[in-house]
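Undergrad: Numbering (the numbering used here), first residue to last: 1324 to 1476. Here it is, the structure, as structure tokens.
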């Protein structure tokens, strides 16, 4: 299982999850349901996710540290301000919200687990290895950050 760690960039994993959600929704159209204001709900969720992800990326660029999720050991600084004050993983939270918006748009029970499965995958194969690398790189500073800021929300 460790061979999957840090191998699939989270945006690619989210894209695969979105495709899988569409395929199961298409294949199991009998599980579709009515969702009032479906388009509004999906747009609000997706736009929120994009904004949160963009804020995280912007914070990394301002700090001049890597945004490459497959090389967390290359981080040059620990970013703990801005959106990182509220969540340690704003880019992944943003992808989760985009997938939640997609699930709302699809309005199919078979697609609903998609965002959760993405979150479980990213936690195990991306976030946990990143946290090990950041602990090695930043030590007590990262440990203190973990105590005051949640992993997701």
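Just so it is clear, CB atoms sit at the ideal spot from N, CA and C, and this is done for glycine as well. Remember, predicted model here, so these are calculated numbers, not experimental data.
1) Quick one: Cα of residue 1343 to Cα of residue 1447, how far?
2) For my contact list, residue 1441 and residue 1422 are in at a C-beta cut-off of 8 angstroms; report their separation, rounded to the angstrom.
3) Sort 1469, 1426, 1332 and 1475 by Cα distance to residue 1361 and report the nearest one.
4) What does the alpha-carbon distance come out to for the pair residue 1394 and residue 1450?
5) Given this structure, state the Cα-to-Cα distance separating residue 1359 from residue 1345, to the nearest angstrom.
6) With 16 as the cutoff for other CB atoms within 10 Å, does residue 1411 come out buried or exposed?
7) In this structure, what does DSSP give as the bridge partners for residue 1355?
TA: Working from what's here:
1) Locating residue 1343 in the chain shown gives position 20, counting from the first residue. Locating residue 1447 in the chain shown gives position 124, counting from the first residue. Each residue's CA atom was taken as its position, placing residue 1343 and residue 1447 some 19 angstroms apart.
2) Here residue 1441 refers to the residue found at position 118 of the chain shown. Here residue 1422 refers to the residue found at position 99 of the chain shown. Indeed they touch by this definition, with Cβ atoms about 6 angstroms apart.
3) Reading the chain shown from its first residue, position 38 is the one you call residue 1361. Of the listed residues, the one whose Cα sits closest to residue 1361 is 1426.
4) Position 71 of the chain shown, counted from the first residue, corresponds to residue 1394. Position 127 of the chain shown, counted from the first residue, corresponds to residue 1450. So the alpha carbons of these two residues sit roughly 12 angstroms apart.
5) By 1-based counting over the chain shown, the position of residue 1359 is 36. By 1-based counting over the chain shown, the position of residue 1345 is 22. Their backbone Cα atoms lie some 20 angstroms apart in a straight line.
6) Reading the chain shown from its first residue, position 88 is the one you call residue 1411. Around the beta carbon of residue 1411, 16 or more other beta carbons lie within 10 angstroms, which makes this residue buried.
7) Along the chain shown, one-based indexing puts residue 1355 at 32. Answer by DSSP bridge pairing, in chain order: 1431.
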